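Here's the structure, in structure tokens; my notes come after.
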Amino acid sequence: MALNCSTFSSLIVGAQAAAEACTKRAVLQTCGRYRVCRWYSGVTHEENRLEQVGELVVPGSHRRVLKDVLPFSAFLTDSFERRHNYLRISLTEKCNLRCQYCMPQEGVTLTPRSHLLTAEELLMLARLFVREGVNKIRLTGGEPLIRPDVLHIIAELRKLEGLKTIAVTTNGMNLTRLLPSLKKAGVDLLNISLDTLVPAKFELITRRKGFHKVMEGIEKAIEMGYNPVKVNCVVMRGLNEDEVIDFVSLTERKPLDVRFIEYMPFDGNRWNFKMMVSYQEMLDCLKQKWPNLEPVPGEETDTAKGFRVPGFRGQLGFITSMSEHFCGSCNRLRITADGNLKVCLFGNSEVSLRDFLRSGATEEELLHIIGAAVGRKKKQHAGMFNISQMKNRPMILIGG
Ligand SMILES: C[S@@+](CC[C@H](N)C(=O)[O-])C[C@H]1O[C@@H](n2cnc3c(N)ncnc32)[C@H](O)[C@@H]1O
Ligand code: SF4
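Last residue of the sequence shown: 400 (full-length UniProt numbering), numbering continuous.
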């Protein structure tokens, strides 16, 4: 059965009284001359389902979110009412390091260049997401700072009204050289990955030299006023778990936020449970040195559990995706360098926005595709042991 807009409106208006009784989930939208009451999570996905089986035709423009009425886009709200206002975009599959936990030893097959998103495609998608309510974009990879047009992309993102934060996650290798231009282009937040403070170990973990360049990049970021500078440290047993105290000691005088990340399984990284050091184990170790370590309150959607040593300039945090997942408050979506939308880091369901874009899909059609994918997002990931058995991409081809 095909419904036209006014039939749809009257059906919905018929349910308005009931909807208004539960105003938290109901929103008003305009459909032609009609004001319709919409369940901004549920209705959308039902519509998506009906549209997929060809039962519902709603003219595109009527699906547009009214920003002054609707608190957040229905397309970016999943069936558990999680609002996805944070988009991570991978700029490249390439990298100038080869970290053991990220890049498979045998390397990865790179996507042909013509299948990667161009800057224009990427910016078009970013614009669409921001229009729907995304207010933070993180550029990642691979190593985002080796993409030749990275500054152009950032400068264009900066023009997007509604985009509050542009963040970059980088291995820091090119940071000293690029930082002034990155700052000028509009980067607000920097996460720099560093897993060891021992130069020889850096080479072992990353399979490349470069420790001093990264340290210089961190210093430069501090000098240029980034505060805090976030340092991402993946902790692996037998490799660097003996360095957590040294990393926290760095926060005594430097405005660093060191974030210890539990080692996560991805394709080709030979994850095994014994190598994962849990948040609780790291915390216990740090409390032996600093018994007065205190929690730092954070935002609901924070991925890190924050702590600090009283009197220290910086702080620390734990990203506990394995031992205590934070799926319930997940607000993140990802676009891979080859243009796939990934609604969960640990899920293997993906949809190619690139293919829809290149086949001439309108913005409204793209929104429907995005809305359907977000609607299928699972409540939580499958648990570390299941994830380690599942097919996914290597991390380098996702973008953390
Ligand atoms: C994939 S990298 C991409 C950005 C950049 N090249 C970098 O290293 O910061 C993003 C983040 O993912 C983290 N990461 C990669 N593989 C991981 C794994 N198996 N478990 C936990 N974190 C991982 C890295 O340490 C890094 O902080
Ligand atoms: S973690 Fe970052 S730096 Fe290391 S291999 Fe992956 S993408 Fe490259």
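Even for Gly, the Cβ is constructed at its ideal location relative to N, Cα and C. Remember, predicted model here, so these are calculated numbers, not experimental data.
Neighbourhood of residue i by C-beta, 6 angstroms cutoff - its chain only, sequence neighbours within 5 removed
i: Lys213; result: Met173
i: Gly14; result: Its pLDDT being 28, under 50, Gly14 is placed unreliably by the model, and nothing is read from it.
i: Leu367; result: Phe75
i: Val235; result: Glu241, Phe260 and Val277
i: Tyr226; result: Leu190
i: Asp195; result: Ile205, Cys233, Val234 and Asn240
i: Asn269; result: Tyr101
Backbone secondary structure at residue i - three-state DSSP
i: Gln380; result: coil
i: Gln288; result: helix
i: Glu120; result: helix
i: Asp257; result: strand
i: Cys147; result: First, the residue type needs correcting, since residue 147 is Arg and not Cys in the sequence shown. Three-state DSSP puts Arg147 in coil, outside helix and strand.
i: Ala74; result: coil
i: Arg334; result: strand
i: Asn386; result: helix
i: Gly238; result: coil
i: Gly328; result: helix
i: Leu97; result: coil
i: Arg83; result: strand
i: Arg88; result: strand
i: Leu341; result: strand
i: residue 402; result: Any property of residue 402 remains undetermined from this structure, which presents the chain solely from 1 to 400.
i: Glu299; result: coil
i: Glu156; result: helix
Endpoints, the beta strand (DSSP E) within which residue i is located
i: Ser278; result: No beta strand (DSSP E) contains Ser278, which DSSP labels as neither H nor E.
i: Val108; result: Counting along the chain, Val108 falls outside any beta strand (DSSP E), and DSSP gives it neither H nor E.
i: Lys136; result: Lys136 to Thr140
i: Phe312; result: First-last for Phe312: undefined, no H or E at that position.
i: Ser193; result: Leu189 to Ser193
i: Pro112; result: Counting along the chain, Pro112 falls outside any beta strand (DSSP E), and DSSP gives it neither H nor E.
i: Phe307; result: Ala304 to Arg308
i: Pro295; result: Glu294 to Val296
Close beta carbons around residue i, own chain, < 7 angstroms, minus the five adjacent residues each side
i: Lys377; result: Asp78, Val343 and Cys344
i: Ser321; result: Glu262 and Met264
i: Val187; result: Ile154, Ile166 and Val168
i: Ile396; result: Glu93, Cys95, Cys102, Met103, Val108 and Gly142
i: Arg158; result: Ile166, Ala185 and Gly186
i: Gln280; result: Ser323
i: Phe129; result: Leu87
i: His152; result: Ala119
i: Gly400; result: Thr140 and Thr169
i: Arg332; result: His84, Tyr86 and Arg88
i: Pro310; result: Asn292 and Glu294
i: Cys330; result: Arg82
i: Ala200; result: none
i: Gly217; result: Gly172, Leu175, Thr176 and Ile192
Chain-order list of residues whose beta-carbon lies under 8 angstroms from that of residue i (same chain, five-residue window excluded)
i: Lys220; result: Leu175, Thr176 and Leu179
i: Asp149; result: Ala119
i: Pro228; result: Pro255, Leu256, Asp257, Gly314 and Gln315
i: Leu357; result: Glu121, Met124, Leu125, Gly339 and Leu366
i: Gln380; result: His325, Cys327 and Gly328
i: Ile398; result: Ser90, Phe266, Arg334, Thr336, Lys342, Leu345 and Asn392
i: Arg208; result: Asn96, Leu97 and Arg98
i: Arg127; result: Leu160
i: Pro394; result: Cys102, Met103, Pro104, Val108, Phe266, Asp267, Gly268 and Asn269
i: Arg308; result: Thr251, Leu293, Glu294, Val296, Gly314, Gln315 and Leu316
N-terminal and C-terminal residue of the alpha helix (DSSP H) that residue i is part of
i: Thr176; result: Leu175 to Ala185
i: Ala167; result: Not the alpha helix (DSSP H): Ala167 falls in the beta strand (DSSP E), residues Thr165 to Thr170.
i: Ile370; result: Glu363 to Gly375
i: Ser321; result: Premise fails: Ser321 is in no alpha helix (DSSP H) and is neither H nor E.
i: Thr206; result: Pro199 to Thr206
i: Glu252; result: It is not in any alpha helix (DSSP H) - Glu252 carries neither H nor E in the DSSP assignment.
i: Gly217; result: Phe211 to Glu223
i: Arg354; result: Leu353 to Arg358
Test: residue i CB closer than 8 angstroms to a CB of chain C
i: Val187; result: No chain C appears in the structure shown, which is made up of a single protein chain.
Any non-hydrogen atom of ligand 4 closer than 7 angstroms to residue i Cβ
i: Asn227; result: For ligand 4, the structure offers nothing, since it holds only ligand 1 and ligand 2.
Whether or not the segment 233-252 and the segment 107-114 are in contact is what I'm after, with contact meaning three or more pairs of Cβ atoms, one per stretch, closer than 8 angstroms; do they touch? no
On the three-pair Cβ rule with 8 angstroms, is the segment 347-355 touching the segment 317-331? no
Hey, is the segment 134-152 in contact with the segment 379-391, meaning 3+ C-beta pairs nearer than 8 angstroms? no
Quick check: the segment 202-216 against the segment 248-257, are at least 3 beta-carbon pairs closer than 8 angstroms? no
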